[in-house]
Structure formats: C-alpha cells, structure tokens
Amino acid sequence: MKYRHLFIFLFLFLWIFLGLYLARVESPTFDEPIHLKAGYLYSTGDYNFDPIDPPLFRSVVYTLGKQIESITGSSNTLFPYRAVVVILTGLALCLLLWPLFSHSLFSGLLGSVLFAYEPSLIAHSHYFTTDAISALTSVIASLLILKGFWKTKRQFFILSLIFALAVSLKVATLALLLPVLLIKLPRLGKSRLVYLTLTTLIIILITYDFHFGGYLRALKENILFGWRGQPIFFTGKLFSHAPFYKTLVVLLLKTTLPILILTSWSLKKGKNIGAYLAIFIIIVLVNLLKPLNFGMRHLLPAEIALILIASHVKPKTITNWMVFSLLIIWQIVSFRNALPQTITYTNELSRKPFQIFTDSDYDWGQGLLLLGQELSRKNITGYQLAYFGNVDPLLYLGKYERIHDENPVGTLPTQKVDYSKPTIISVTCYYLCGYYQDPIFSQKPKQLISQSFFYLP
186 MKYRHLFIFL
196 FLFLWIFLGL
206 YLARVESPTF
216 DEPIHLKAGY
226 LYSTGDYNFD
236 PIDPPLFRSV
246 VYTLGKQIES
256 ITGSSNTLFP
266 YRAVVVILTG
276 LALCLLLWPL
286 FSHSLFSGLL
296 GSVLFAYEPS
306 LIAHSHYFTT
316 DAISALTSVI
326 ASLLILKGFW
336 KTKRQFFILS
346 LIFALAVSLK
356 VATLALLLPV
366 LLIKLPRLGK
376 SRLVYLTLTT
386 LIIILITYDF
396 HFGGYLRALK
406 ENILFGWRGQ
416 PIFFTGKLFS
426 HAPFYKTLVV
436 LLLKTTLPIL
446 ILTSWSLKKG
456 KNIGAYLAIF
466 IIIVLVNLLK
476 PLNFGMRHLL
486 PAEIALILIA
496 SHVKPKTITN
506 WMVFSLLIIW
516 QIVSFRNALP
526 QTITYTNELS
536 RKPFQIFTDS
546 DYDWGQGLLL
556 LGQELSRKNI
566 TGYQLAYFGN
576 VDPLLYLGKY
586 ERIHDENPVG
596 TLPTQKVDYS
606 KPTIISVTCY
616 YLCGYYQDPI
626 FSQKPKQLIS
636 QSFFYLP
C-alpha cells in the first residue's frame with residue numbers, strides 16, 4: 186500500500202496526542218501507585234511485591250518513566266510513566282493496523298479512526314497498568330497463530346518472540362493464547378511447539394533475572410485469585426463473585442453503538458474475519474465462566490476484536506455511505522462526550538451508568554483533578570469527602586473533612602458524618618463503603634459531578 190506508512194504515522198501521532206492529553210487531566214487510578222512501587226522494587230531486584238503479574242512491563246515503564254521524569258519533573262498524575270504506556274500501546278496498535286492497511290486502504294483508515302476514538306481502549310492505554318498493552322500483544326500473537334504465521338523461519342521467529350512477550354507481560358494472556366494454540370496445534374506441529382515453549386521460557390527467565398519460580402508463583406496467584414473471585418458491586422448490588430452476565434452487560438453498554446452496528450454489518454457482509462471472531466468468542470467464554478471479572482479491562486481483547494471486525498465493513502450504495510458517515514460522526518461525538526474521563530463511558534442504552542458500574546468500569550479514583558476544578562468554580566467549601574483511590578486527596582483538593590472511605594493512603598483522620606454539611610462521595614465509595622444503605626443519604630437528592638462523584642448538598 187503506497188501511503189500505508191504515512192497513514193500509520195498519522196494514527197500514531199493522533200494516538201499519542203490524545204493519550205498524553207488524558208494522562209495530564211486525571212489523578213492516578215487505584216492500581217497505578219501499586220504498579221509504580223512494583224516497578225521501583227523490580228529495578229532493585231526485589232520480585233516479591235505484587236507477584237500476580239510478571240515484572241517485564243512494569244520494570245520497562247518505571248525505567249523509561251524515570252528518565253522522562255528527570256526532564257519534566259515529578260507529576261501528581263504520574264505523567265512521565267503514563268507517557269511511556271501511551272507510546273508503547275500506540276506502537277502495538279500500529280502492528281495491528283499494518284495488516285488492515287494491507288487488506289485495503291479503507292479498512293486501515295476505518296480501523297485507525299475506531300481505535301483512536303474508542304473510549305475504553307484509550308482509557309486503559311494511558312494508565313500505568315498492564316491491561317491494555319497485554320491485551321494488544323495477546324491479540325497480535327493470537328492472530329499470528331490463527332493465520333499460520335510460521336511458514337518461514339523468519340515468520341516463526343517473529344511469532345515466537347511476540348508470543349513470549351505476551352506471556353511475559355501478563356499471566357492472564359494465557360487465557361486467550363492457550364485456547365488459540367490448541368486450535369492450531371495440529372498444523373503447528375510438535376517441533377515448532379517445542380521451540381515456541383523454549384523461547385517463551387527463556388524470555389520469562391530473562392525478565393526475572395533468572396530467578397526460578399517467579400513465573401510459577403505468578404501463575405499460582407492468578408489461579409487462586411481467579412478461582413476465589415472477590416466481592417463486587419454491580420448494578421447497585423453486592424455480589425460475592427461476579428455474576429456470569431456481567432461480561433455481556435459490560436460489552437453491551439460500554440462498547441459504542443456505532444462499533445456494535447458496524448460489527449453486525451461486517452458479520453453479515455464482511456470477509457476474512459474468522460480469526461477476529463474466534464478471539465472474541467474465546468474471551469467472552471472465559472469471562473463468562475470465571476468467578477473474577479473486573480469488567481472492560483479484562484475484556485479489552487474482545488473489544489479489540491470487535492473493532493477489527495468492524496473495520497472490514499465495505500459501504501457500496503449511496504445509502505450505505507450515508508449510514509456509514511453518520512456512524513463515524515456518532516463514534517467521534519461519543520468519544521468527545523466522554524472526555525476527560527473516558528473510563529466512565531457508557532453508550533446510550535445506559536441512562537444512569539453510575540447505578541450499574543463501579544471501580545475500573547466507572548470510578549477508579551481518576552477524578553480528583555476535575556473535582557478540584559468544579560469545586561473551585563462552584564465555590565463549594567467546608568465539604569465532607571469519601572474518596573475511593575490510592576492517592577491522598579490533600580495533594581489535589583487541599584483541606585477537606587474526611588469521612589469513611591476506601592483510601593489506604595489518606596492522611597487526614599476520619600470524622601463522623603455530619604449530615605448538615607455538603608458531602609461528596611465517589612461513585613465506587615458510595616456502594617463499597619455502604620453509603621447507599623444509609624437511611625439519610627439514600628433519601629437525599631444526589632447530583633453527579635465531575636463525572637465520577639455524587640454531590641449531596
């Protein structure tokens with residue numbers, strides 16, 4: 186394709202521009218300080234902290250982020266480290282776009298637009314977490330396997346490296362890679378399987394500085410965590426394990442309607458989408474069956490597969506083109522309306538998403554900067570705050586009265602609730618801390634402010 190390099194470069198420029206903007210306007214999510222600490226400890230050779238994920242990605246992001254931080258200075262939003270994640274995910278997306286442009290210029294351009302303006306993907310792609318990069322890498326590895334990318338030594342070498350990289354980024358990628366490998370095992374052959382396994386083991390050992398047992402421990406932690414699950418608030422109710430239907434609800438409500446419509450269109454008319462469909466089905470089935478379900482961040486491979494399927498739409502008639510144009514405009518407007526906290530995005534089928542989603546599907550602690558701006562603009566003072574997050578709100582809001590919250594690093598003492606004062610409760614904290622059961626708060630009128638907080642005057 187003559188202009189493929191130019192269009193991919195333009196996509197990367199747009200992706201980095203959007204990602205760096207978002208990285209500056211949100212406070213750290215609950216998990217980011219944990220990943221930052223893990224990256225620091227891994228750089229010292231200590232692999233005992235948070236062993237559920239391998240050290241590779243967090244070590245790389247910490248090391249490169251530290252270099253950027255020496256130039257830009259420290260940031261309350263972890264901007265230097267988030268910038269590294271934005272660039273790495275952008276490069277991974279370019280690898281996905283390359284075959285789309287090889288298929289046709291139209292598919293490549295459509296895929297570029299849908300990837301750039303998909304709210305959930307870019308939300309998790311600018312946080313210092315492992316979810317987006319591992320999802321992208323596992324999808325790339327799966328596509329190489331499903332399309333038999335091993336016919337030459339060069340192809341097999343590339344496949345082995347990307348497969349090993351995906352497994353070394355996050356243990357959970359095995360939930361997709363192993364079923365895909367099983368599907369193509371007869372054609373892959375025993376000898377290639379042995380070489381693939383050896384390459385993976387060598388790279389895993391390198392990431393742990395040849396500390397034997399590190400990955401096995403991570404594998405064990407993932408199995409135990411996934412099996413026992415954890416309490417979760419969903420649709421305003423407390424579940425001891427994620428309800429099986431959460432996967433379907435998340436995909437239905439947190440995927441933009443234009444992507445769902447384009448995907449349906451492509452399934453009816455498109456060609457060469459079998460590999461993408463296989464990835465989608467595997468991810469959905471795995472998430473339907475397991476007790477642990479963190480929502481969209483565990484479903485990113487399925488979301489990526491939907492975009493790849495949607496990219497194979499081919500409008501032909503004038504009516505087709507009119508509908509297609511409206512869908513693209515709708516997609517961009519949906520993204521614009523979700524700014525600056527795209528993690529809160531839900532489509533038009535969900536009228537009150539704050540009654541359905543919490544945690545990393547809606548309020549993950551990212552809203553302090555926007556909250557501070559809104560409080561200043563509305564001149565709200567003397568308020569009580571219950572915050573869900575892993576940073577100290579004092580750094581972002583100044584003095585406030587702290588009431589019962591889910592904030593392990595908050596420095597202010599917890600006060601008894603004073604119902605006569607204005608109260609601000611983050612959406613996740615409203616459910617997690619039991620405020621939704623409070624006889625007074627549950628009856629008080631609530632206003633959603635700063636996208637992820639309830640304001641009770």
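Heads up: the sequence shown begins at 186 in the numbering used here, then just goes up one per residue. By construction, the Cβ of each residue, glycine as well, lies at the ideal position given by its N, Cα and C atoms. Note that the structure is a prediction, hence the values are computed from the model and not measured.
**Asked** Looking at the structure shown, is Leu570 part of a helix, part of a strand, or coil, going by DSSP?
**Response** Counted from its first residue, the sequence shown places residue 570 at position 385. Strand.
**Asked** Thinking C-beta only, is Val576 closer than 9 Å to Asn233?
**Response** Position 48 of the sequence shown, counted from the first residue, corresponds to residue 233. Position 391 of the sequence shown, counted from the first residue, corresponds to residue 576. Not a contact, by the Cβ cut-off of 9 Å.
**Prompt:** Do three or more CB pairs link the region 440-450 to the region 487-495 at distances below 8 Å?
**Reply:** The region 440-450 is in contact with the region 487-495.
**Neighbour-count burial assignment, Trp335, 16 or more Cβ in a 10 Å radius** = Stepping through the sequence shown from its first residue, residue 335 is reached at position 150. With 16 or more Cβ atoms within 10 Å of its Cβ, Trp335 is classed as buried.
**Prompt:** At which residues does the beta strand (DSSP E) containing Phe194 begin and terminate?
**Reply:** Counted from its first residue, the sequence shown places residue 194 at position 9. Bounds of any beta strand (DSSP E) do not take in Phe194; it lies within the alpha helix (DSSP H) bounded by 189-210.
**Asked** Does DSSP put Phe465 in a helix, a strand or coil?
**Response** Residue 465 sits at position 280 when you count from the first residue of the sequence shown. When DSSP states are grouped into helix, strand and coil, Phe465 belongs to the helix group.
**Prompt:** Between the region 516-535 and the region 201-217, do at least 3 Cβ pairs fall closer than 8 Å?
**Reply:** Two segments are said to touch when three or more pairs of C-beta atoms, one from each, lie closer than 8 Å; by this definition the region 516-535 touches the region 201-217.
**Request:** Check whether the Cβ atoms of Ala317 and Leu485 lie closer than 9 Å to each other.
**Result:** Your numbering for residue 317 matches position 132 in the sequence shown. Your numbering for residue 485 matches position 300 in the sequence shown. Their beta carbons are under 9 Å apart, which means Ala317 touches Leu485 by this criterion.
**Message:** Applying the 10 Å Cβ sphere with the 16-neighbour rule, what's the burial state of Phe639?
**Reply:** Position 454 of the sequence shown, counting from 1, holds the residue named residue 639. Label assigned to Phe639: buried.
**Request:** Assuming Leu617 and Leu582 form a contact by the criterion Cβ under 8 Å, report the distance between their Cβ atoms to the nearest whole angstrom.
**Result:** Residue 617 sits at position 432 when you count from the first residue of the sequence shown. Residue 582 sits at position 397 when you count from the first residue of the sequence shown. With a Cβ gap of about 20 Å, Leu617 and Leu582 do not count as contacting.
**Message:** In the DSSP output, what is Arg587 paired with across the bridge?
**Reply:** Along the sequence shown, one-based indexing puts residue 587 at 402. Looking at the DSSP output, Arg587 shares a beta bridge with Leu570.
**Asked** Could you check where the beta strand (DSSP E) with Ser611 kicks off and where it finishes?
**Response** The sequence position of residue 611 within the sequence shown is 426, counting from 1. Where Ser611 is concerned, the enclosing beta strand (DSSP E) starts and stops at 608-611.
**C-alpha gap between Ile514 and Val324, whole angstroms** = Looking up residue 514 in the sequence shown gives position 329. Looking up residue 324 in the sequence shown gives position 139. Computed Cα separation, rounded: 27 Å.
**Request:** Let me know the secondary structure DSSP gives Gln636 once reduced to three states.
**Result:** The residue given as residue 636 occupies position 451 in the sequence shown. If DSSP states are grouped into helix, strand and coil, Gln636 belongs with coil.
**Request:** Sort out for me which residues DSSP pairs Lys422 with in a bridge.
**Result:** Position 237 of the sequence shown, counted from the first residue, corresponds to residue 422. Answer by DSSP bridge pairing, in chain order: Phe419.
**Message:** Let me check one thing: in DSSP terms, what residues is Leu641 bridge-paired to?
**Reply:** In the sequence shown, the residue the question calls residue 641 occupies position 456. The partner list for Leu641 (beta bridge, DSSP) reads Thr608.
**Item:** Buried versus exposed call for Met481 [16 or more other C-beta atoms within 10 Å across all chains shown]
**Value:** Taking the sequence shown and counting its residues from 1, the one referred to as residue 481 is at position 296. By the neighbour-count rule (16 or more Cβ atoms within 10 Å), Met481 is buried.
**Message:** Give me the residue from Pro428, His311, Lys222 with the minimum Cα distance to Lys475.
**Reply:** Translated into positions along the sequence shown, residue 475 becomes position 290. Of Pro428, His311, Lys222, the residue nearest in Cα terms is Pro428.
**Request:** For the alpha helix (DSSP H) containing Leu221, list its first residue and its last residue.
**Result:** Sequence index remark: in the sequence shown, residue 221 carries index 36 (1-based). It spans 217-228 - the alpha helix (DSSP H) in which Leu221 sits, taken as one unbroken run.
**Request:** Would you give the residue range spanned by the alpha helix (DSSP H) that Phe509 belongs to?
**Result:** As a working mapping, residue 509 is identified with position 324 in the sequence shown. For Phe509, the enclosing alpha helix (DSSP H) stretches over residues 503-523.
**Asked** If you draw a straight line from the alpha carbon of Trp450 to that of Val298, how long is it in whole angstroms?
**Response** For the purposes of this step, residue 450 is taken as the residue at position 265 of the sequence shown. For the purposes of this step, residue 298 is taken as the residue at position 113 of the sequence shown. Straight through space, the alpha carbons of Val298 and Trp450 are spaced by roughly 17 Å.
**Prompt:** Is it buried or exposed for Gly595, if we count other Cβ within 10 angstroms and need 16 for buried?
**Reply:** For the purposes of this step, residue 595 is taken as residue 410 along the sequence shown, with counting starting at 1. Label assigned to Gly595: buried.
**Proximity winner among Ile588, Thr315, Phe341, Ser327, relative to Lys606 (alpha-carbon distances)** = As a first step, residue 606 is located in the sequence shown; it is residue number 421 there, counting from the start. Out of Ile588, Thr315, Phe341, Ser327, Ile588 has the C-alpha closest to the C-alpha of Lys606.
**Candidates Thr432, Pro364, Ala223, Thr322: closest to Ile489 by CA position** = As a working mapping, residue 489 is identified with position 304 in the sequence shown. The candidate whose alpha carbon is nearest that of Ile489 is Thr322.
**Request:** Could you check if Gln558 is buried or exposed, using at least 16 other CB atoms within 10 Å of its CB as the buried criterion?
**Result:** Reading the sequence shown from its first residue, position 373 is the one you call residue 558. Residue burial is scored here from C-beta neighbours: Gln558 has fewer than 16 other C-beta atoms within 10 angstroms and is therefore classed as exposed.
**Prompt:** If you draw a straight line from the alpha carbon of His483 to that of Tyr225, how long is it in whole angstroms?
**Reply:** For the purposes of this step, residue 483 is taken as the residue at position 298 of the sequence shown. For the purposes of this step, residue 225 is taken as the residue at position 40 of the sequence shown. Those two C-alpha atoms are separated by around 25 Å.
**Message:** Excluding the 5 residues flanking Tyr302 on each side, which residues of the same chain have their C-beta closer than 7 Å to its C-beta?
**Reply:** Taking the sequence shown and counting its residues from 1, the one referred to as residue 302 is at position 117. Excluding residues within five positions, the ones whose Cβ falls inside 7 Å are Gln516, Ile517, Phe520.
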